[in-house]
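Chains as they are written, first to last, in the numbering used here: chain A, 22 to 305; chain B, 3 to 240; chain C, 483 to 821. Data block below; observations after.
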Amino acid sequence: MIELLLQGVLLGGLYTLFALGLSLMFGVMRLTNTAHGDFIILGAFGALSLNGWGLSPWLADLVVLPMAALLGYAVQRYVLNQTLGKDPVPSLVVTFGLSIVIQNALLEIFSADPRSIESSGLNTQSLALSDSLSIGVLPTLILLIALVATVGLQWLFANTRLGRAFRAVSDDPEIAELMGLRSKNVYALATAIAFALIAMAGVLQGLRTTVAPSDGPMLLLFAFEAVIMGGMGSFWGTLAGSMLLGITQQVGFRLDPGWGVWAGHLMFLFLLLVKPQGLFPKTR
Amino acid sequence: MSFNSQDVLLQTRDLQAFYGDAQALFGIDLEIGQGEAVAIIGANGAGKSTLLKALSGLVRVPSVQVHWKGRAVGGRAPSEIVRMGLALVPEGRRLFPSLSVQENLLMGRESDRSGPWNLERLFKLFPILWEKRHQPSTSLSGGQQQMVAIGRALMSNPELLLCDELSLGLAPIVVREIYNALPEITSEGMAVVLVEQDVSLAQRMTKRLYCLQEGRISLQGISSDLTRAQIRQAYFGL
Amino acid sequence: MNPLIEKQFVVERGHAYTRLLLVAAVVAVIAAASVPFWAESSWMHEFVEIACYFIFALMWNVLAGYGGMVSIGQQAFFGLGAYTMLALGNFWGVNPFVAIAIGGIVAGLVAIPVSRIAFRLQGGYFAIGTWVISEVFRLSFANLSAVGGGAGTTLTALRGIDKATRESWTYWVALLCVVASISLVYLFLRSKRGLALLAIRDNPVAAESQGIAVGSMKLAMYAVAACGAGLAGALYFVGNLRISPDAAFSVNWTAFAIFMVVIGGMGRIEGPLVGTLVFWLLSKFFSDFGSWYLMGLGLLAIVTTIYFKHGLWGYVQQRWGWSLFPTQRRLVLTTRPLA
Chain A
22 MIELLLQGVL
32 LGGLYTLFAL
42 GLSLMFGVMR
52 LTNTAHGDFI
62 ILGAFGALSL
72 NGWGLSPWLA
82 DLVVLPMAAL
92 LGYAVQRYVL
102 NQTLGKDPVP
112 SLVVTFGLSI
122 VIQNALLEIF
132 SADPRSIESS
142 GLNTQSLALS
152 DSLSIGVLPT
162 LILLIALVAT
172 VGLQWLFANT
182 RLGRAFRAVS
192 DDPEIAELMG
202 LRSKNVYALA
212 TAIAFALIAM
222 AGVLQGLRTT
232 VAPSDGPMLL
242 LFAFEAVIMG
252 GMGSFWGTLA
262 GSMLLGITQQ
272 VGFRLDPGWG
282 VWAGHLMFLF
292 LLLVKPQGLF
302 PKTR
Chain B
3 MSFNSQDVLL
13 QTRDLQAFYG
23 DAQALFGIDL
33 EIGQGEAVAI
43 IGANGAGKST
53 LLKALSGLVR
63 VPSVQVHWKG
73 RAVGGRAPSE
83 IVRMGLALVP
93 EGRRLFPSLS
103 VQENLLMGRE
113 SDRSGPWNLE
123 RLFKLFPILW
133 EKRHQPSTSL
143 SGGQQQMVAI
153 GRALMSNPEL
163 LLCDELSLGL
173 APIVVREIYN
183 ALPEITSEGM
193 AVVLVEQDVS
203 LAQRMTKRLY
213 CLQEGRISLQ
223 GISSDLTRAQ
233 IRQAYFGL
Chain C
483 MNPLIEKQFV
493 VERGHAYTRL
503 LLVAAVVAVI
513 AAASVPFWAE
523 SSWMHEFVEI
533 ACYFIFALMW
543 NVLAGYGGMV
553 SIGQQAFFGL
563 GAYTMLALGN
573 FWGVNPFVAI
583 AIGGIVAGLV
593 AIPVSRIAFR
603 LQGGYFAIGT
613 WVISEVFRLS
623 FANLSAVGGG
633 AGTTLTALRG
643 IDKATRESWT
653 YWVALLCVVA
663 SISLVYLFLR
673 SKRGLALLAI
683 RDNPVAAESQ
693 GIAVGSMKLA
703 MYAVAACGAG
713 LAGALYFVGN
723 LRISPDAAFS
733 VNWTAFAIFM
743 VVIGGMGRIE
753 GPLVGTLVFW
763 LLSKFFSDFG
773 SWYLMGLGLL
783 AIVTTIYFKH
793 GLWGYVQQRW
803 GWSLFPTQRR
813 LVLTTRPLA
């Protein structure tokens with residue numbers, strides 16, 4: 022029982038990293054990025070490529086982060102900014118197009134085979150907590166990174182000039198412009214940070230298990246469920262939602278190997294029915 | 003009424019503004035000189051707010067229709083215009099709900115302009131804001147919110163401050179408190195444009211006055227010279 | 483100005499040439515109905531496939547463009563209609579062609595409780611939320627061994643009929659479905675309810691204040707779109723005979739619908755028509771290129787959305803004022819002297 026919860030929490034750590042980027046982008050600019058999962062996979066394959074070109078696996082994993090941030094800045098500035106506005110359709114369609122492009126590009130370059138990132142055995146090591154209980158080193162590391170990321174984002178938003186700009190632009194982009202903020206730039210910075218998180222999530226997924234070009238949509242749905250269940254507008258909420266999803270999926274897996282993801286979906290729909298604002302919605 | 007070209011801060015030439023296909027301003031010609039206090043009055047829907055929005059960049063207009071210190075600046079982004087020294091206190095305050103009072107004020111610094119106005123001076127001007135500085139801006143009363151909105155605009159150290167209906171929705175005693183701060187605000191030579199529903203208040207607080215009626219200037223002159231009859235006629239287009 | 487001239491106005495919809503086009507359309511349908519007598523069977527099969535894509539896209543377009551609800555989960559109803567038809571045909575011996583209609587109706591009915599959950603979300607979140615719902619459908623059917631589980635099964639109910647007859651009938655039913663959906667959508671959008679829908683799309687709050695029941699209209703739209711999707715799904719698998727959850731509930735259906743509608747223009751009837759034609763032509767020439775072809779489609783969708791905000795057809799409409807299915811109302815002033 023405890024082991025189940027523990028596994029769920031560890032999985033939730035990974036899902037938190039999947040979800041934070043989505044939460045950030047939606048929070049700041051109301052943008053739904055349907056290619057979110059595909060960018061996660063792209064991050065993993067990016068690290069794989071860098072590794073293939075000579076960088077050591079660990080260096081590749083690190084270097085891919087600033088590269089992803091730059092990509093995020095460019096994508097937002099030159100493509101996604103054009104889609105922002107009252108109508109959610111353009112951003113949905115454009116990101117959907119991006120999703121198709123990324124999946125098929127990866128398919129062409131890497132073929133459909135699942136791959137994993139070299140972890141030097143880290144993904145099999147485990148820590149013994151007690152006689153009967155042990156947890157994986159890598160999952161624990163992922164959970165720690167997720168916690169740091171959540172705290173970091175929370176701190177960024179509450180205590181820095183950039184965070185203030187993010188909140189202002191999210192509240193009222195017109196008046197933010199009036200203050201002197203260049204919203205095009207602020208949005209791009211938000212996406213840059215989101216993409217760094219996304220790439221990190223991808224790398225960790227690749228370390229923990231395998232990644233394949235068509236895995237993206239599933240990850241998008243997980244991230245989405247975590248954000249909604251946790252409550253919009255709050256990074257701690259996203260963490261909570263991710264934990265709930267992780268635990269639910271683990272319970273499902275335990276009951277039947279084919280039921281894990283299904284259980285997560287059902288929990289999401291159930292929560293939507295009874296508590297649509299999520300577990301920890303930000304109250305204004 | 004003519005100025006040395008040096009003294010003119012803002013000038014509009016045949017300014018026309020549209021909301022989609024609907025025309026709201028039909029050729030406005032006005033001038034604001036350095037350090038001047040000018041009022042713009044008119045009935046609801048006359049185009050007063052639209053005019054301020056066009057000046058501050060919230061509404062797009064052709065470049066040549068607005069001149070700032072001799073340069074054509076119409077249609078520039080609001081973030082550029084505030085950097086030039088023109089700040090707007092928008093209609094309805096429009097504070098940032100996710101930000102505290104102090105954070106709202108700090109947003110005014112995003113335009114990176116130097117000058118006499120800073121947090122310390124603002125808190126001296128509106129002491130109640132110091133008390134409530136960490137509270138969410140939404141928890142303040144209407145008058146206090148108006149102070150924050152003004153303070154936020156002042157933080158950008160503008161040369162010209164546009165004020166859109168400061169008195170809207172506020173009790174007379176609160177309005178008086180706010181307008182009492184005006185001399186201090188303009189003490190270093192800041193020009194100010196007051197869009198006001200309260201005509202007598204507008205006349206008292208300013209040197210010159212424009213009256214808008216259905217998107218056109220129907221009257222202009224020295225505030226103290228204009229008679230009630232003149233204004234009523236211009237206001238309602240009789 | 484002569485004060486004795488009374489100004490009246492008249493609301494007009496079509497142009498002179500639309501009546502011509504209507505005649506042409508009727509002729510085309512009659513010609514199309516004769517196809518099974520002289521064409522190759524592959525043509526008919528292709529038509530059925532395109533018809534399914536088209537009906538799905540048309541319904542998606544109406545839901546998104548007129549109802550303001552962008553759904554990435556309409557395939558839930560596509561697959562549900564298909565499996566309903568299959569179950570009725572295989573287990574209860576219902577004529578599959580009749581089962582197509584029932585599949586549509588069942589999908590429409592199921593949409594009602596589904597909407598209770600889906601409507602908790604708005605905008606972009608609604609879109610992804612509906613995707614989750616369709617995944618639940620997919621996984622649920624993949625767990626049902628009665629219909630073959632994850633591997634799927636075949637439609638046995640048409641086994642007795644010879645190939646030529648089956649294909650002809652499938653073709654005619656497809657043609658009927660296409661004509662019916664276009665007519666229904668067109669008539670609906672021309673009606674007062676259609677105008678109400680536009681009002682809701684543009685400003686739901688204002689629409690509500692004018693007495694339009696926004697909530698029930700949205701529900702009606704969602705149910706009707708689900709019904710159409712279910713119809714298309716059932717039809718598709720009557721044409722294909724082999725069904726599987728991955729094929730029936732694939733998000734690719736919505737992807738193609740989005741593409742078709744984006745190319746053709748959102749919120750216009752001829753949009754899906756133009757989009758389907760473009761899509762069919764493209765796939766004829768380029769689908770051999772596999773991933774590159776799909777990448778091209780994705781890029782095309784991105785570029786069109788950013789630079790041609792009203793789709794290619796919308797661009798054409800604005801440039802040259804063409805309109806095949808005029809639903810826009812124009813105010814025409816007519817003046818006549820009083821005396």
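Quick reminder that beta carbons are idealized off the backbone N, C-alpha and C, glycines included. From a predicted model like this one, the values you see are computed outputs, not experimental measurements.
Residue range 10–21 is occupied by the beta strand (DSSP E) that includes GLN18 (chain B), with no alpha helix (DSSP H) assigned at that position. DSSP lists B:ALA41 and B:CYS165 as the beta-bridge partner residues of LEU196 (chain B).
Residue contact with chain A for GLY606 (chain C): present (Cβ-Cβ distance below 7 Å to some residue of chain A).
If you draw a straight line from the Cα of GLY142 (chain A) to the Cα of VAL172 (chain A), it is about 29 Å long. Within a 10 Å sphere around the beta-carbon of VAL63 (chain B) sit 16 or more other beta-carbons, which makes this residue buried. Interface residue (Cβ-Cβ distance to chain A less than 7 Å): PHE28 (chain B) is not classified as such.
In this structure, DSSP gives ARG218 (chain B) an extended state, which the three-state scheme calls strand. Counting C-beta pairs with one atom in each stretch, the stretch 133–141 of chain B and the stretch 94–111 of chain B have three or more that are closer than 8 Å, which means they touch. In the structure shown, TRP520 (chain C) adopts coil according to DSSP, grouped into three states.
In summary, the residues of the stretch 109–122 of chain B whose CB is separated from some CB of chain A by less than 9 Å are MET109, GLY110, ARG111, GLU112, SER113, ASP114 and ARG115, in the order they occur in the chain. With fewer than 16 other beta carbons inside 10 angstroms of its own, TYR21 (chain B) counts as exposed. By the criterion of a C-beta distance shorter than 8 Å, LEU170 (chain B) is surrounded in its chain by GLU93, GLY94 and GLN199, once the five residues flanking it on both sides are discounted. Excluding the 5 residues flanking it on each side, THR37 (chain A) has same chain C-beta neighbours closer than 6 Å at ALA167, LEU260 and SER263, in chain order.
Proximity of chain C to TRP74 (chain A) at the Cβ level (cut-off 8 Å) is not reached, the minimal Cβ distance being about 22 Å. By the rule that beta-carbons nearer than 7 Å mark a contact, VAL84 (chain B) touches chain A.
With fewer than 16 other Cβ atoms from the protein chains shown falling within 10 Å of its own Cβ, GLY75 (chain A) counts as exposed.
For LEU203 (chain B), same chain residues with a beta-carbon under 8 Å away, outside a window of 5 residues either side, are SER169, VAL177 and TYR181 in chain order. GLY563 (chain C) is not a Cβ neighbour of GLY549 (chain C), given a cutoff of 7 Å. CA-CA distance, PRO160 (chain A) to ALA220 (chain A), rounds to 17 Å. In the displayed model, ALA695 (chain C) falls within coil according to three-state DSSP, outside both helix and strand.
One finds PRO92, ARG96 and PHE98 in chain B with Cβ atoms closer than 8 Å to the Cβ of ILE196 (chain A), taken in chain order. ALA633 (chain C) is classed as exposed because its beta carbon has fewer than 16 other beta carbons within 10 Å across all chains shown. Taking a C-beta cut-off of 8 Å against chain C, the contacting residues of the stretch 75–109 of chain A are VAL100, GLN103, THR104 and PRO109, listed in chain order. For GLY561 (chain C), no chain A residue has a Cβ inside 7 Å of its Cβ, as the nearest lies near 15 Å away. Between the alpha carbons of TRP762 (chain C) and GLY285 (chain A) lies a gap of roughly 38 Å. DSSP, read as helix, strand or coil, puts SER769 (chain C) in helix. Residues of chain C with a Cβ closer than 7 Å to the Cβ of PRO238 (chain A) are, in chain order, VAL733.
Of A:THR231, A:PHE291 and A:LEU241, the smallest CA-CA separation from THR53 (chain A) is found for A:LEU241. GLY201 (chain A) belongs to the set of residues whose beta carbon lies under 7 Å from a beta carbon in chain B. Residues of the stretch 282–297 of chain A whose Cβ lies closer than 8 Å to any Cβ of chain C, in chain order: VAL282, TRP283, HIS286, LEU287, PHE289, LEU290, LEU293, LEU294 and PRO297. The continuous stretches of alpha helix (DSSP H) do not include SER65 (chain B), and DSSP gives it neither H nor E. Excluding residues up to 5 positions away in sequence, TYR208, ALA209, ALA211, THR212 and ALA213 lie with their Cβ nearer than 8 Å to the Cβ of GLN97 (chain A) in the same chain.
Under a 10 Å Cβ-count criterion, MET239 (chain A) is classified as exposed, with fewer than 16 other Cβ atoms of the shown protein chains found around its own Cβ.
In the three-state scheme derived from DSSP, where H, G and I count as helix and E and B as strand, PHE731 (chain C) is classed as coil. Among the residues of chain A, none has a CB under 9 Å from the CB of VAL706 (chain C); the nearest is roughly 20 Å distant.
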